[in-house]
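For the sequence shown, my numbering gives the first residue as 247, with consecutive numbering after it.
Reviewing the structure listed below.
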Amino acid sequence: MLIQDKISIASPPSAVWAVKIDVARWSIWSPTATYALSAGLPLKVGCEVLLKQPAQPKMIWRVTEFGPGYYFAWETSGKALRMRATYHITPHGSGAECVLTLKVFGSLRRIVASIIFLPIRNAIKQENRALKEWCESGRGAKS
């Protein structure tokens with residue numbers, strides 16, 4: 247199962263990137279993050295983040311790929327499902343574009359797809375919209 251959302255943001259890619267990789271502060275601007283804790287910040291390959299999201303158990307996400315300034319991927323897994331999320335920020339016009347993708351793997355993915363697809367799609371869209379609003383407000387990573 248693959249879910250993706252793309253949004254244009256009227257802020258420089260570097261400003262959007264600074265907000266996106268500051269995962270410890272996601273709960274300030276994103277309604278999809280209750281809290282995120284890590285002893286290994288700033289993000290880099292191998293960094294693990296304990297992320298709590300509404301209506302979900304706490305999960306440990308491990309960074310598996312990192313392209314400074316524009317891209318990171320991380321993964322989490324449970325008993326029968328594994329999820330991989332990617333964040334790709336690129337220049338777009340005079341601002342940036344953020345593409346957020348979530349891929350679900352595992353033996354139960356087809357069984358639970360009908361249950362989790364819409365809530366996950368809505369959460370991804372909500373996260374991208376919140377990122378846009380935060381970055382365009384000028385608060386960025388400073389607040």
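C-beta: ideal position from N, C-alpha, C; glycine also.
Remember, it's a predicted structure, so these values are computed and weren't measured experimentally.
Separation of Gly286 and Leu348 (C-alpha to C-alpha, rounded to the nearest whole angstrom) is 23 Å. In this structure, Ile335 sits near Pro259, with a CB-CB distance shorter than 8 Å. DSSP, reduced to helix, strand and coil, places Ala285 outside both helices and strands of the structure shown, so it counts as coil. Taking Ser273 as the centre and dropping the five residues before and after it, the same chain places the C-beta of Ala279, Thr280, Tyr281, Ala282 closer than 8 Å to its C-beta, in chain order.
Within 10 angstroms of the beta-carbon of Val350 lie 16 or more other beta-carbons, which makes it buried. Shown here, Pro365 sits in a helix according to DSSP, grouped into three states.
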